[in-house]
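See structure below.
2 protein chains.
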Amino acid sequence: MSFGDVATKADGGGLPPNDGGLGPLSDRLSLGVAARLSRYLQVLTQARKMGKETISSQELSEYTHVNSTQIRRDLSGFGKFGKRGVGYNVDSLVSQIRKILRTSGQHNIALFGAGHLGRAIAGSDIFADHGFRVVAVFDQDPAKIGDQVGPAKVLHVDDLKLVVDEEDIVVGVLAVPTAAAQELADKLVDAGVKIIFNYSEALLQVPPEVTVHTSSPAVDLLYALYFYLT
Amino acid sequence: MSFGDVATKADGGGLPPNDGGLGPLSDRLSLGVAARLSRYLQVLTQARKMGKETISSQELSEYTHVNSTQIRRDLSGFGKFGKRGVGYNVDSLVSQIRKILRTSGQHNIALFGAGHLGRAIAGSDIFADHGFRVVAVFDQDPAKIGDQVGPAKVLHVDDLKLVVDEEDIVVGVLAVPTAAAQELADKLVDAGVKIIFNYSEALLQVPPEVTVHTSSPAVDLLYALYFYLT
DNA sequence: TAGATTGTTAATCGATTAACAATC
DNA sequence: TAGATTGTTAATCGATTAACAATC
Chain A
1 MSFGDVATKA
11 DGGGLPPNDG
21 GLGPLSDRLS
31 LGVAARLSRY
41 LQVLTQARKM
51 GKETISSQEL
61 SEYTHVNSTQ
71 IRRDLSGFGK
81 FGKRGVGYNV
91 DSLVSQIRKI
101 LRTSGQHNIA
111 LFGAGHLGRA
121 IAGSDIFADH
131 GFRVVAVFDQ
141 DPAKIGDQVG
151 PAKVLHVDDL
161 KLVVDEEDIV
171 VGVLAVPTAA
181 AQELADKLVD
191 AGVKIIFNYS
201 EALLQVPPEV
211 TVHTSSPAVD
221 LLYALYFYLT
Chain B
1 MSFGDVATKA
11 DGGGLPPNDG
21 GLGPLSDRLS
31 LGVAARLSRY
41 LQVLTQARKM
51 GKETISSQEL
61 SEYTHVNSTQ
71 IRRDLSGFGK
81 FGKRGVGYNV
91 DSLVSQIRKI
101 LRTSGQHNIA
111 LFGAGHLGRA
121 IAGSDIFADH
131 GFRVVAVFDQ
141 DPAKIGDQVG
151 PAKVLHVDDL
161 KLVVDEEDIV
171 VGVLAVPTAA
181 AQELADKLVD
191 AGVKIIFNYS
201 EALLQVPPEV
211 TVHTSSPAVD
221 LLYALYFYLT
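So the sequence lines, in the order shown, correspond to chains A and B.
First residue of the first sequence? That's 1 in UniProt numbering, and the numbers climb one at a time after it.
First residue of the second sequence? That's 1 in UniProt numbering, and the numbers climb one at a time after it.
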């Protein structure tokens, strides 16, 4: 899909071969690099919360399951962030990676569904720690409208378009039953959201310019289980 | 960086050339293959629920973001599951992949945390659809003990070891605050759980024989956002 | 048949790994 | 210094992709 196309474009055909790994010429990271950098960021953010000041590629490797050589390689492509014999400064590495991923700022998200899952999401730090703010919660149940959910009040779906516009919302999170997901995805698309984070099991149909990410804990479990069983 | 040598080796190696891709000789799947097969399974399971009888590699590709050629390649390594001009039978592909992943049976899981997230997990089909059954829920809050959460009643932590033994539980899910996660992970390890699914942000320390998977929705969002922003 | 889609080949690209000099 | 860890090279392996004959 849209991701597939990105991959082919990533390092465009016949570019100058002397450009090391990732010079400033290539304006877009490869899918793999972007995914791994995001992963490092997660661990670094938490390590910082725990008061850790430096971290080695070996430690990062243990938490991310990414080979330590590759971590050093990924990072050294953008600068010499580490100190030999010491490791990487957690704070400064967080800023560097945020800069590389261009996600230094705050991003507003709209959440659909004020059930258990929606409340869990709105009340957690998981998104907040990475600069995502739940600025609006919607639910189709009229009884829930006005409820306080995390930092926001539950709004009526009819207000969606207005809020997306006003709050400059790019990401929509679907924490609703599978049966309702497609209908609400359509509304999110219609309102102008570009990224949909789907916590239902529905296989969503969206236009090509919209990216869907479906959460799949069971898939991860199956995968882990396979390696346990063999 | 051009490796002309690779080309010469491609067919030059002295190995039996007729062993297709993945004969029965290789007893363990590579990480990548196992991950992708799990992914296909998720989509197939949902497609089946929706009444779909056949699916093409192209359709699977759209939902999984895996290249369609690679899907055909992954599958053809284990047998000729598809029908040219038609696609794959959803039902039979589900069984085949389950067989390959050796996850055809039921697996019991223990859930820690009877808050919003715990209740959302216990009440959803996400795990159930893939053969995972929440057989026990634990919480440290005495007030919650005895509560009905999804299909199970909330138990006291002291019963953990007993239940893990009796119910043959291999997987533990942590849906608890970050501050409590390490302590409970220790208890799960002590009780004999081999796979921990961590929904907190804690960086868990566990012995090498235990696998930790930390859920990271924000990481996935950062990643998606990068490609939207660039 | 005619259209669609698999199974497979061949080529290229990116990931992985070991090893080690540089250096904090 | 001595120990640790980065930054980097070189080699191999697996993933990705286009293309197309086979065949339903």
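By construction, the Cβ of each residue, glycine as well, lies at the ideal position given by its N, Cα and C atoms.
Given the structure is predicted, the values throughout are model-derived calculations rather than measurements.
Using a Cβ-Cβ distance under 9 Å, would residue i count as near chain B?
i: A/D129; result: yes
i: residue 237 of chain A; result: No answer is possible for residue 237 of chain A: it lies beyond the span of chain A, which begins at 1 and ends at 230.
i: A/D125; result: yes
i: A/L41; result: yes
i: A/E201; result: yes
i: A/H116; result: yes
i: A/T69; result: no
i: A/F197; result: yes
Name the two residues that bound the continuous alpha helix (DSSP H) containing residue i.
i: A/L184; result: 178-191
i: A/I97; result: 90-101
i: A/G118; result: 116-123
Let's see if you can read the secondary structure: which residues bound the beta strand (DSSP E) around residue i?
i: A/A152; result: 152-155
i: A/R133; result: 132-138
i: A/V171; result: 171-174
i: A/A110; result: 107-112
i: B/V212; result: 211-214
i: B/I196; result: 195-198
For residue i, tell me which candidate among the options has the shortest Cα-Cα distance.
i: residue 247 of chain A; options: B/H213, B/D158, B/H107, B/L221; result: Shown here, chain A extends from 1 to 230; a query on residue 247 of chain A therefore has no answer.
i: B/Q140; options: B/Q96, B/L111, B/M50; result: B/L111
i: B/I100; options: B/Q46, B/V154, B/L29, B/M50; result: B/L29
i: B/Q46; options: A/A224, A/A218, A/V193; result: A/A218
i: B/S56; options: B/V90, B/R102, B/M50; result: B/V90
i: A/V164; options: A/A202, A/V193, A/A224; result: A/V193
i: B/S38; options: B/F81, B/S104, B/G51; result: B/S104
i: B/L174; options: B/A224, B/V33, B/K80, B/A136; result: B/A136
i: B/V134; options: B/G172, B/R72, B/E183, B/L184; result: B/G172
Which residues in chain B have a C-beta closer than 7 Å to the C-beta of residue i? List them in chain order.
i: A/R73; result: Correct list: empty, because the minimum Cβ distance to chain B is about 14 Å.
i: A/S38; result: V219, L222, Y223
i: A/H107; result: L225
Suppose you measure from the CA of residue i to the CA of residue j; what does that come to, to the nearest Å?
i: B/R84; j: A/Y226; result: 30 Å
i: A/E53; j: B/R48; result: 49 Å
i: B/P142; j: A/G115; result: 24 Å
i: A/Q70; j: B/L162; result: 42 Å
i: B/A179; j: B/L75; result: 43 Å
i: B/V167; j: A/L221; result: It is worth fixing the name first, because residue 167 of chain B is Glu in this sequence and not Val. C-alpha separation (whole angstroms): 18 Å.
i: B/V94; j: A/Q58; result: 38 Å
i: A/D125; j: B/I109; result: 25 Å
i: B/V157; j: B/G146; result: 12 Å
Does residue i come within less than 9 Å of chain A when only Cβ atoms are used?
i: B/A47; result: yes
i: B/Y88; result: no
i: B/K56; result: Just to set this straight, residue 56 of chain B is Ser in the shown sequence, not Lys. B/S56 does not count as touching chain A.
i: B/R133; result: no
i: B/G218; result: The sequence shown places Ala at residue 218 of chain B, not Gly. Yes, B/A218 lies at the interface with chain A (some Cβ there is under 9 Å from its Cβ).
i: B/L25; result: With a pLDDT of 36 at B/L25, under the threshold of 50, the modelled position of that residue is not reliable, and the figure given next carries that caveat. With 9 Å as the cut-off, B/L25 does not count as an interface residue toward chain A.
Taking residue i as the query, report the chain A residues whose CB atoms sit under 7 Å from its CB, ordered along the chain.
i: B/T103; result: L222, L225, Y226
i: B/S215; result: P217
i: B/A35; result: Y223
Using a Cβ cut-off of 8 Å, pull out every chain B residue sitting near residue i, in sequence order please.
i: A/V170; result: L225, Y228
i: A/F112; result: Ordered by position in chain B, no residue passes the 8 Å Cβ test against A/F112, which lies about 14 Å from the chain.
Closer than 8 Å by beta-carbon distance: list the chain A residues that pair up with residue i, in chain order.
i: B/A180; result: Here the premise fails: no neighbours, minimum Cβ distance about 14 Å.
Below 9 Å on C-beta distance, what does residue i contact in chain A?
i: B/R84; result: None at all; the shortest Cβ gap to chain A is about 23 Å.
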